[in-house]
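Below is one structure, written out as structure tokens, with a few remarks after it.
Chains as they are written, first to last, in this note's numbering: chain A, 1 to 250; chain B, 251 to 500; chain C, 501 to 750; chain D, 751 to 1000.
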């Protein structure tokens, strides 16, 4: 087989280096959050960047046992007690564009707004207004805005807000949506997207960071399911509304 | 359906609390590592405990693209470009007792050694010697010792070693193995196990912490596979050694 | 990398053979059930064996949207609409010893009963009585007996019963359990186990056959979730019963 | 929680019915392939339809241990021996648009060609020519054509070809591609797509049928990995080509 190539980790019998940094030195001095940044970037974060990364990872880690990813992990743990990794993986699989994954789409939305502003010499407000009008005309959903539980404002969003162009454009989008559509607050996925843009990370990280953070919560949920609950405890009530019983195989 | 109960997260329209701590306050002040500790424990860590947690999570996050979990995630990403979470989940599924999962078994080994020492008033060396003799007699593998790449010593182990009874017993086991079997160094899973015992965490966390840390690496590996490689690039060479072609359906 | 070896499929640019059978010939003449048997055995089934395999696969394919594996697949489909395979995989991950996986344990139970009868010249009834007494003494659960929904008898069990030593011993176990413990009927996992023993398949197939059959049901459940339901429709009710809100970060 | 609704299975303490058919009757008389059709359709198949379904499921079940889904399942089984379902799920997760999933896209391509022919009164050849010209102009890939191993023709395709409009249009597309682009044969995904259209199944079944069939192969691959190979046997060769070692944490 062809040898695989990678620019992330160089591991040999006497050394392990992550993007050139010796893992022993990292173990002594770096935080896990530093390492997450380093793995997805090409350098360690500054103190301000580390603070934002920590805030984001903490903010998405767990949203309650009933959140789809957490509930899925617990359902899997309820039927299969042989593999903690199976239950966590089942929870991860529930994460997609609809649940936790809006960050990537919102990063693309913000990035294209920033491009438009820079290319055409527009203010952020004007670029945001154009983007919202376009979404209105093409009836496209704006990823990163709105939340099924927090109908007014997600309390986690404000904490993330510091100064950066990504965040300024996200706020401009929020204002343009309020004026041109109706008040739909930026949600946690959208706030993450804005911060990640300002940290210089690619748009796929919008989803990946949610997954990395959420796995910490899934791990705790699965541990609780194993230790507090009986196997097979979960029964979902179902109502059949299909074709009635058939006679004679018809 | 019955309402589910949980003691981890309390999430409502205007608040999210993790084990009683307001998530906004955590986002402002805690690190992701603090939160991981809190999710699996009942309190935040001390600075020394946080340092150990960071060292462990950093130590297990990525061991190169060829490690089974990383290779699996990349193989999945190679065939399925529709879902980052699918590729990461595939990587997680590769983690078991054989790969990254020895920590749980080693935690049970150390915990039973500590119990024995306390109950029977033995020194750690004597308790360790008994455990090794028992494993020798019953031909049981001692989880947490030995590594396929690092045949002498895993460079990550020493960094984790501070003072605690779990670690003292792990070192006593290592000495007893050297004397009574042959030199088999404590590996990273075993070092984690010893530290986790000293942090007061249950034995399942031996596996869970590896998963939580490794997901950060899987995320970076999948990002690299998506951005640097073509879909379906991976071809595994296979040799068929089964029954020869059959004639006439025999 | 070392070349992998396999005795299952020989695939080249101009041929694909499964255990020596040309796949084109199989596509023309064999059923999917024949192929499933061939993949796990070393030959095609007889007509009677094919009938039993079909009955088993049909019997386990779907037990309603509320069964843990089906519910998990639908929960995953509810959050992640980018990957049908992610939703099906989440459902598969819920299958373990507790859900659908009792077959493997029951196959080992029956196989050891058959061994005991042959080795010690016992009747099946005597061998079964010994096995039940042993389980009673060691307080071990007997896998393959009892069901949470069908408290008296699972209607699917009788259909599988034809003549074979595995089935005779399973019936002897059922009788011994009724006499020595209390009436606990053989369940569908146990009936499968008995039939699979008679078909000469290894005990791991007890779980694998359940997975292969159930994936057909998971596929239909996921298709229905995608086509009839909105994303994120599922909300699990949760009650928090952990520590109360903390003041000042205590 | 709201009760879930379903039109697939009605399961109660004394009955299980699949789309109105009693499962006991199905276990006695139907094949697994009949049930797969029934689960995704609203009726049992005719003998000719059953034959096509069997041919398709047999055709996709296994393409060798080195196929991405099979290799992934074996890698997962190599690291995690606690859960057969984890290894199978990892294999399933590798299936996407690039691997096995082209069927859904090709079903949409054929269905839109059929619509165009019927709506505009075109011959199939004319409709196919328009579709190919369009793909050429927009530089879109035509799903269901071309294969990385079988550069000329996939030997499995011809077996599936009987008479139906879906198949006629697929052949017309193949001819139009040969004339207007270059010879790119219909592959197994495309052939499946054409047959599935003729069977009246929705386009998502293009992927689902591949998954259902392939799981039979994954099951056999995982069984072989568990029974013939040591845990952790697989080592992927990796070459690091990233930044060089850093000095002093720079």
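Glycine included, each C-beta is placed from N, C-alpha and C at the ideal position.
- Those residues of the region 409–420 of chain B placed with their C-beta closer than 9 Å to a C-beta in chain D do not exist.
- In the three-state scheme derived from DSSP, where H, G and I count as helix and E and B as strand, residue 259(B) is classed as strand.
- Across the structure, residue 591(C) and residue 573(C) are spaced so that their CA atoms are roughly 4 Å apart.
- Residue 472(B) is not a Cβ neighbour of residue 437(B), given a cutoff of 8 Å.
- By the Cβ criterion, the region 665–685 of chain C is in contact with the region 606–623 of chain C, since at least three pairs of Cβ atoms, one from each stretch, lie closer than 8 Å.
- DSSP assignment within the region 916–1000 of chain D yields the following whole beta strand (DSSP E) runs of 3 residues or more, N-terminal first: 988–990.
- Around the beta-carbon of residue 46(A), fewer than 16 other beta-carbon atoms lie within 10 Å, marking it exposed.
- Legend: CB atoms of the region 336–350 of chain B lying less than 8 Å from CB atoms of chain D belong to residues 336, 337, 339, 340, 343, 344, 345, 346, 347, 348, 349 and 350.
- Leaving aside the five residues that flank residue 882(D) on each side, the residues in its chain whose CB is nearer than 6 Å to its CB run, in chain order, 926, 927 and 930.
- Residue burial annotation: residue 12(A) is exposed, with fewer than 16 other C-beta atoms found within 10 angstroms of its C-beta.
- In this structure, DSSP gives residue 793(D) a state outside helix and strand, which the three-state scheme calls coil.
- Leaving aside the five residues that flank residue 234(A) on each side, the residues in its chain whose CB is nearer than 6 Å to its CB run, in chain order, 75 and 78.
- Membership of residue 907(D) in any alpha helix (DSSP H) is not indicated, and neither H nor E is assigned to it by DSSP.
- Chain order gives no chain A residues near residue 977(D), where near means a beta carbon separation below 8 Å; the closest approach is about 18 Å.
- The criterion of a C-beta distance shorter than 8 Å is satisfied by residue 731(C) and residue 98(A).
- The region 343–392 of chain B is shown to contain whole alpha helix (DSSP H) runs of 4 or more residues at 352–370 and 374–387, in chain order.
- Among the bridge pairs identified by DSSP, residue 772(D) is matched with 767(D).
- The shortest C-alpha to C-alpha distance from residue 988(D) to any of 418(B), 353(B), 316(B) and 460(B) is the one to 316(B).
- Within the DSSP bridge table, the entry for residue 645(C) names 686(C) as partners.
- Neighbourhood of residue 743(C) in chain B, by CB distance below 8 Å: 257, 269, 270 and 292, in chain order.
- With contacts defined as CB atoms closer than 8 Å, residue 540(C) and residue 759(D) fail to qualify as a contacting pair.
- Close partners of residue 832(D) in chain B (Cβ separation under 7 Å): 346 and 347.
- Straight-line spacing of the CA atoms in residue 28(A) and residue 57(A) works out to 21 Å.
- Residues of chain B with a Cβ closer than 8 Å to the Cβ of residue 821(D) are, in chain order, 325, 484 and 486.
- From the listed residues 88(A), 143(A), 116(A) and 5(A), the smallest Cα separation to residue 100(A) is found for 143(A).
- Nearest C-alpha to residue 754(D) among 745(C), 746(C), 729(C) and 668(C): 729(C).
- By alpha-carbon distance to residue 941(D), the top candidate from 839(D), 756(D) and 803(D) is 803(D).
- For residue 446(B), no CB of chain A lies under 8 Å from its own CB, so it is not counted at the interface with that chain.
- Of the candidates 537(C), 715(C) and 551(C), 537(C) places its Cα closest to the Cα of residue 702(C).
- Apart from sequence neighbours up to five positions away, the residues of its chain that approach residue 712(C) with a beta-carbon distance below 8 Å are 536 and 557, ordered along the chain.
- Neighbourhood of residue 282(B) in chain A, by CB distance below 8 Å: 31, 32, 33, 36, 53, 54, 57, 58, 61, 213 and 216, in chain order.
- Looking at 386(B), 495(B), 417(B) and 330(B), the one whose alpha-carbon comes closest to that of residue 432(B) is 386(B).
- Looking at 119(A), 197(A) and 85(A), the one whose alpha-carbon comes closest to that of residue 219(A) is 85(A).
- If you compare the alpha carbons of 756(D), 830(D), 757(D) and 766(D) with that of residue 654(C), the shortest gap goes to 766(D).
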